[in-house]
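Asks: Quick one: structure below, then a few questions.
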Amino acid sequence: MGFSTSAVVVIFTASIMYMASMFYPLADMSYQQLQEAKKNSNELWNEKLNTKIVITKWEGNNLTVFNNGSIPLNSSKINVIIDGIFKSSSSYTVNPLAYGPPGHPLM
Amino acid sequence: MGAGASATQMVFFITSVMIALSIVGALFLNIQSLSSAAIVGSKTLAEQLKTDITIINDPEYIPFSSGNYSFYIKNTGKEDLGIQYISVIIDGTIVTNSNLNKTILEGDEMWLSGDVLQIDAATSLAAGSHNLRIVTNNGIEDTLLFRIP
């Protein structure tokens, strides 16, 4: 009986250690993945909350848009919709300073 | 100790080892299933956290041409998205894929971050206020209240 009990204990212990060594890296990987995604999500919200643009002037074909937020914006990613119609980027030009810091015109 | 006792002990030993192994096998299968579910779950959640879309139409002017209303949706997240499983719901009714035409404006086949997706929906809408809801394949959505004059 003693020998059987020892064998069972050895089998259980070894298997639990093996399973823990298998499970822990996977759980850790999932946790790291979530932490990274959470960081991205926070950055996304930070960008959203700190972004504000204002159309300050519209004369003829010239439109002045100010970056009134607190983070720099990539002016090449601006989209223009006039009277509901999306304008293709080839139909307008933006400020050559393609990366507009706060307080500067983007286009 | 006689031969009978040894045989009994042997039977006990083999039986206990077999029971222990079957319990360990069952546990291992469950743990493996849990690990896989955790990995898939965390991957989905990570994708959802990185996904964001914004309907950028002017709610007062929805372009209408040849029986199609055009809606513009910008990928404002950090995840590249496929356009195949984007769902369009207008006034609570889903518009079937056969009535939708999806085009990525000035983009590739993947809907990259910052790209605008144009969805032409072949549907008839009465004058007045309407509700548009766009849902991505991982459940991220945006809603727009718009008016048809």
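So the protein lines, in turn, are chains P and Z.
The C-terminal residue of the first sequence carries number 108 in our numbering, and the numbering is unbroken.
The C-terminal residue of the second sequence carries number 1015 in our numbering, and the numbering is unbroken.
Think of the CB as a built atom: it goes at the ideal place given N, C-alpha and C, for glycine as much as any other residue.
#1: Who are the near neighbours of VAL55(P) in its chain, counting only those whose CB is closer than 8 Å to its CB and skipping five residues on each side?
#2: Excluding the 5 residues flanking PRO925(Z) on each side, which residues of the same chain have their C-beta closer than 7 Å to its C-beta?
#3: Who are TRP46(P)'s beta bridge partners in DSSP?
#4: Please determine if the stretch 904-923 of chain Z and the stretch 33-43 of chain P are in contact, where contact requires at least 3 C-beta pairs separated by less than 8 Å.
#5: Taking the alpha helix (DSSP H) that ILE889(Z) falls in, what are its first and last residues?
#6: In the DSSP assignment, what residue or residues form a beta bridge with ASP981(Z)?
#7: Which residue comes first and which comes last in the beta strand (DSSP E) that contains SER953(Z)?
#8: Within its chain, find whatever has a CB closer than 8 Å to the CB of ASN51(P); leave out the 5 residues flanking it on each side and keep chain order.
#9: Quick check on ASN896(Z): buried or exposed, where buried means 16 or more other Cβ atoms within 10 Å of its Cβ?
#10: Residues in the same chain with beta-carbon distance under 6 Å from ILE939(Z), minus the five sequence neighbours each way, listed in chain order, please.
#11: Are the Cβ atoms of ASN965(Z) and THR1002(Z) separated by less than 8 Å?
#12: If you count every other CB in all the chains shown that lies within 10 Å of the CB of TRP977(Z), and 16 or more means buried, which is it?
#13: How close, in whole Å, do the beta carbons of PHE13(P) and VAL890(Z) come, if the pair is a contact with beta carbons under 8 Å?
#14: Can you give the Cα-Cα distance for TYR32(P) and THR910(Z), rounded to whole angstroms?
#15: Give a yes or no on whether the C-beta atoms belonging to ALA903(Z) and TYR935(Z) are separated by under 8 Å.
#16: Counting C-beta neighbours from all protein chains within 10 Å, is the total for LEU74(P) 16 or more, i.e. buried, or is it exposed?
#17: Quick check on the DSSP output: the beta strand (DSSP E) that includes ASN63(P) runs from which residue to which?
#18: Pull up the distance between the alpha-carbon of SER5(P) and that of GLN875(Z), whole angstroms please.
#19: List, in order along the chain, the chain P residues whose C-beta lies closer than 8 Å to that of LEU971(Z)?
#20: Pop quiz: ASN941(Z) and SER979(Z) are said to be a contact at Cβ under 8 Å. What is the actual Cβ separation, rounded to whole angstroms?
#21: Compare the Cα-Cα distances from ASN62(P) to each of VAL81(P), ASN47(P) and ALA21(P) and report the closest residue.
#22: Do SER908(Z) and SER35(P) come within 8 Å of each other at the CB atom, strictly closer than that value?
#23: Using DSSP with H/G/I as helix, E/B as strand and the rest coil, what is GLU60(P)?
#24: Once DSSP output is grouped into helix, strand and coil, what is the label at GLY994(Z)?
#25: For a contact defined as C-beta to C-beta under 8 Å, what are the partners of ILE54(P) on chain Z?
#26: Between which two residues does the beta strand (DSSP E) carrying ASN967(Z) extend?
#27: Does SER92(P) pass the burial test, meaning 16 or more other C-beta atoms within 10 Å, or should it be called exposed?
Replies: Let's see:
#1: Contacts found: VAL66, PHE67 and ASN69.
#2: LEU1010, LEU1011, PHE1012 and ARG1013, listed in sequence order.
#3: DSSP output for TRP46(P) lists no bridge partner at all.
#4: Touching, yes, given that three or more Cβ pairs across the two stretches are closer than 8 Å.
#5: Where ILE889(Z) is concerned, the enclosing alpha helix (DSSP H) stretches over 869-916.
#6: Bridge partners of ASP981(Z): none, in fact.
#7: First-last of the beta strand (DSSP E) with SER953(Z): 953-956.
#8: For ASN51(P), the CB contacts under 8 Å within the same chain, skipping 5 residues up- and downstream, are GLY70, SER71 and ILE72 in chain order.
#9: Its Cβ having fewer than 16 others within 10 Å, ASN896(Z) is exposed.
#10: For ILE939(Z), the CB contacts under 6 Å within the same chain, skipping 5 residues up- and downstream, are ILE919, ILE921, LEU983 and ILE1000 in chain order.
#11: Not a contact, by the Cβ cut-off of 8 Å.
#12: Buried is the label assigned to TRP977(Z), since at least 16 other Cβ atoms lie within 10 Å of its Cβ.
#13: With a beta-carbon spacing of about 7 Å, PHE13(P) and VAL890(Z) fall inside the 8 Å limit used to define contacts.
#14: Rounded to whole angstroms, TYR32(P) and THR910(Z) show a C-alpha spacing of 13 Å.
#15: The beta carbons of ALA903(Z) and TYR935(Z) sit no closer together than 8 Å.
#16: By the Cβ neighbour-count rule, LEU74(P) is buried, with 16 or more other Cβ atoms within 10 Å of its own.
#17: Per DSSP, the unbroken beta strand (DSSP E) holding ASN63(P) starts and ends at 63-68.
#18: Going by the C-alpha atoms only, they are around 8 Å apart.
#19: In chain order: PHE87 and SER89.
#20: Yes, they are in contact, since the Cβ atoms of ASN941(Z) and SER979(Z) sit about 5 Å apart, within 8 Å.
#21: For the residues VAL81(P), ASN47(P) and ALA21(P), the minimum Cα distance to ASN62(P) belongs to VAL81(P).
#22: In the sequence as displayed, the identity of residue 35(P) is Leu instead of Ser. Yes, the pair counts as a contact, with Cβ atoms nearer than the cut-off.
#23: Strand, per DSSP.
#24: Strand.
#25: Going along chain Z, no residue has its Cβ under 8 Å from ILE54(P), so there is no contact; the nearest lies around 13 Å.
#26: Counting along the chain, the beta strand (DSSP E) containing ASN967(Z) begins and ends at 966-971.
#27: By the 10 Å Cβ count, SER92(P) comes out exposed.
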